[in-house]
Amino acid sequence: MNLVQITPGAGGMYCGNCFRDNALVAALRRQGHDALMVPLYLPMTLDEASTRGDTPTFFGGINVYLSQQSAAYRRAPAWLRRWFDAPALLRWAAGKAAKTRAADVGALNLSMLRGESGNQARELEDLVAWLKNLPKPDAVFLSNALLVGFARRLREALGTRVVVFLQSEEAFLDAIPEPWGSRSWLTLAERARDVDGWIAPSRFFADRMGARLGLPPDRVRVVPNGINLEGYDVLPPRPPLVPGGPVTLGFFARQCHDKGLDLVVDAFVALRRGGAFPNLRLRVGGGCGPTDEPFVAEQKSKLAKAGLADAAAFHPNLSRQEKILFYAACDVLSVPARPGEAFGLYVIESLAAGTPLVQPTFGTFPELLEATGGGVLCGAHDPEAIAGALRPLLEHPERLRELGEAGRRAVFDRYTDDAMARGVLAALATLPANAGRRA
0 MNLVQITPGA GGMYCGNCFR DNALVAALRR QGHDALMVPL YLPMTLDEAS
50 TRGDTPTFFG GINVYLSQQS AAYRRAPAWL RRWFDAPALL RWAAGKAAKT
100 RAADVGALNL SMLRGESGNQ ARELEDLVAW LKNLPKPDAV FLSNALLVGF
150 ARRLREALGT RVVVFLQSEE AFLDAIPEPW GSRSWLTLAE RARDVDGWIA
200 PSRFFADRMG ARLGLPPDRV RVVPNGINLE GYDVLPPRPP LVPGGPVTLG
250 FFARQCHDKG LDLVVDAFVA LRRGGAFPNL RLRVGGGCGP TDEPFVAEQK
300 SKLAKAGLAD AAAFHPNLSR QEKILFYAAC DVLSVPARPG EAFGLYVIES
350 LAAGTPLVQP TFGTFPELLE ATGGGVLCGA HDPEAIAGAL RPLLEHPERL
400 RELGEAGRRA VFDRYTDDAM ARGVLAALAT LPANAGRRA
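Okay, so the sequence shown: first residue is 0 according to numbering that gives the first Met the number 0, each after it adds one.
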């Protein structure tokens, strides 16, 4: 099949959607399909080889911003717009993107959702014109629902199916202040009618977004995210743990309030203060941008005041190989994310390394841990509940190894990038081949 994946770059920040889409395109190619990665906005920061090739970046971040701010700029000459899309300038803009918040982009987000009626209509036509010069795709995949404004023009111009992935849009949209937040939700629900099919990474998020957008249940397919297992497959067997011996609690996600880093730090402090686990250590990894640094400094100060600064280590912005080794160096992981996670790629990454998790009874975590057998649940967003769930595992650490091994088997069996690609193709097969031609 001939397939197109359209994915926004997040500049200098790691982005779970970018990881998933890049892995999907690579897996589709291995399975014999022609899959094209089309980047938007800014360069993608990845921890493995990019599938982009020499495809240009559309909706360059600088042009998108200027088109939003100035009606005159929307009529700017093409040479000027091309100049602002220069890779060097987009890399510069990427350094600023880490400071962008949902609260600051309400009007821009609404404009993008309006597609051909929005302030970025010219950018959309540039993308459509470029795609029309290529062989007709069997389907176009949009990385998330915030790109739904593209669907109408893509279907009209290309006569193909448009499928949208659902992935954590809810938390972003809910963070947009009024009146932009409610207007964005209404526009998204209206534009959802232009989409042929939807793919969610979990039943939890399929039901959640289906209800908020008024989507018929048969329009939303569930295909779990998958990862490339290269590097995980060569990890050596884990040594046994003994009660009272060294054990490491880990956290790996963006080092911010939303992902619950403060809750893990508080749980760690509570466990160490109890005196029963003097050899417990904390390792913190994951993305850390300029806006995250003050929050991380607060957590380090908290550890220092508890006399535990030397028992904790922070490892921001790791490479792929460093990330795999990070997971393998942890004996148990916890990422008590506050928003209802659509999936949580760190869950299957951790399990691929044989590291089990303690997660809140919230979002997709009950679904994932039940499916993999790779962890235990605790009360949501409560350090004492996290510590309470960890305590029996630390007292009987052989259970950590049992959970980790069960989770690792499940990931290697059902949560690979190849399994994800097969699931996406199966979902696509349920759509009529001429779906994109509907009015």
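Yeah, the Cβ is synthetic: ideal placement off N, Cα and C, and Gly gets one too.
- [ ] Would you kindly report the start and end of the unbroken beta strand (DSSP E) that includes Gly-196?
- [x] Taking the first residue of the sequence shown as position 1, residue 196 is located at position 197. Here the beta strand (DSSP E) through Gly-196 covers 196-199.
TODO: Could you spell out the range, first to last residue, of the alpha helix (DSSP H) harbouring Pro-440?
DONE: Any answer about residue 440 is impossible in this case: the structure gives the chain only from 0 up to 438.
Task: First through last residue of the beta strand (DSSP E) which encompasses Asp-33 - done: Here residue 33 is taken as the residue at index 34 of the sequence shown, counted from 1. 33-39 is the extent of the beta strand (DSSP E) around Asp-33.
- [ ] Could you tell me which of Ala-34, Phe-18, Arg-29 and Asn-108 sits nearest to Gln-68, measuring between CA atoms?
- [x] Looking up residue 68 in the sequence shown gives position 69. Nearest option by C-alpha distance: Asn-108.
Open item on the list: Under DSSP, the beta strand (DSSP E) around Val-162 begins and ends at which residues?
Closed with: Numbered from 1 along the sequence shown, position 163 holds the residue referred to as residue 162. Looking at the DSSP string, the run of the beta strand (DSSP E) that includes Val-162 is 160-164.
Task: Rounded separation between Arg-437 and Asp-265 - CA only - done: By 1-based counting over the sequence shown, the position of residue 437 is 438. By 1-based counting over the sequence shown, the position of residue 265 is 266. Legend: pLDDT at Arg-437 = 44, less than 50; position of this residue unreliable, value from coordinates given subsequently. Their backbone Cα atoms lie some 54 Å apart in a straight line.
Open item on the list: Going residue by residue through the stretch 250-331, where are the continuous alpha helix (DSSP H) segments of at least 4 residues, counting only ones entirely within it?
Closed with: 260-272, 292-304 and 319-328
Task: Selection from Ser-183, Gly-243 and Arg-29 that minimises the alpha carbon distance to Gly-117 - done: Your numbering for residue 117 matches position 118 in the sequence shown. The candidate whose alpha carbon is nearest that of Gly-117 is Ser-183.
Open item on the list: Rounding to the nearest angstrom, what Cα-Cα distance links Asp-291 and Val-221 in this structure?
Closed with: Here residue 291 is taken as the residue at index 292 of the sequence shown, counted from 1. Here residue 221 is taken as the residue at index 222 of the sequence shown, counted from 1. Asp-291 and Val-221: Cα-Cα distance of roughly 32 Å.
- [ ] Use the C-beta contact count for Asn-143: other C-beta atoms within 10 angstroms, 16 or more gives buried, fewer gives exposed.
- [x] The count along the sequence shown starts at 1 and reaches residue 143 at position 144. When all chains shown are included, Asn-143 counts as buried.
- [ ] Please confirm whether Tyr-231 and Ile-323 have their CB atoms less than 7 Å apart.
- [x] Locating residue 231 in the sequence shown gives position 232, counting from the first residue. Locating residue 323 in the sequence shown gives position 324, counting from the first residue. Going by C-beta atoms, Tyr-231 is nearer than 7 Å to Ile-323.
Task: Best match in Gln-320, Val-233, Ala-296 and Phe-361 for proximity to Arg-407 [C-alpha to C-alpha] - done: Looking up residue 407 in the sequence shown gives position 408. Checking every option, the nearest Cα to that of Arg-407 belongs to Val-233.
Task: Straight-line Cα distance separating Leu-165 from Cys-14 - done: As a working note, residue 14 is residue 15 in the sequence shown. As a working note, residue 165 is residue 166 in the sequence shown. If you take the alpha carbons of Cys-14 and Leu-165, they lie about 14 Å apart.
TODO: Determine the extent of the beta strand (DSSP E) in which Phe-57 is found, giving its start and end residues.
DONE: Looking up residue 57 in the sequence shown gives position 58. No beta strand (DSSP E) holds Phe-57; DSSP gives it neither H nor E.
Open item on the list: What does DSSP give as the partner residue(s) for Val-375 in the beta ladder?
Closed with: For this step, residue 375 is matched to residue 376 along the sequence shown. Its beta-bridge partners are Val-357.
Open item on the list: Using only CA atoms, which one of His-395, Pro-76 and Val-334 lies nearest to Gly-244?
Closed with: Sequence index remark: in the sequence shown, residue 244 carries index 245 (1-based). Nearest option by C-alpha distance: His-395.
Task: Touching by the beta-carbon criterion (3+ pairs, under 8 Å), the stretch 242-258 and the stretch 273-292 - done: yes
Task: Whole-angstrom distance between Pro-55 and Gly-196, CA atom to CA atom - done: Here residue 196 is taken as the residue at index 197 of the sequence shown, counted from 1. Here residue 55 is taken as the residue at index 56 of the sequence shown, counted from 1. As the crow flies, the alpha-carbon of Gly-196 is around 26 Å from that of Pro-55.
Open item on the list: What does DSSP give as the partner residue(s) for Thr-247 in the beta ladder?
Closed with: The count along the sequence shown starts at 1 and reaches residue 247 at position 248. Thr-247 is bridged to Arg-280.
Open item on the list: Considering only the alpha carbon of each residue, which of Asn-316, Phe-171, Val-162 and Gly-373 lies closest to Gln-254?
Closed with: Here the question's residue 254 lines up with position 255 in the sequence shown. It is Asn-316 whose Cα lies nearest to the Cα of Gln-254.
Task: Extent of the continuous alpha helix (DSSP H) run through Phe-171 - done: As a first step, residue 171 must be located in the sequence shown, where it is residue number 172. First-last of the alpha helix (DSSP H) with Phe-171: 168-173.
Task: Where Ala-109 sits in the DSSP three-state scheme - done: Here residue 109 corresponds to residue number 110 of the sequence shown, with the count starting at 1. Note that residue 109 is Leu in the sequence shown, not Ala. Of the three classes helix, strand and coil, the one that applies to Leu-109 here is helix, per DSSP.
Task: Alpha carbon of Pro-216 to alpha carbon of Ala-210, nearest angstrom - done: Residue 216 sits at position 217 when you count from the first residue of the sequence shown. Residue 210 sits at position 211 when you count from the first residue of the sequence shown. If you take the alpha carbons of Pro-216 and Ala-210, they lie about 9 Å apart.
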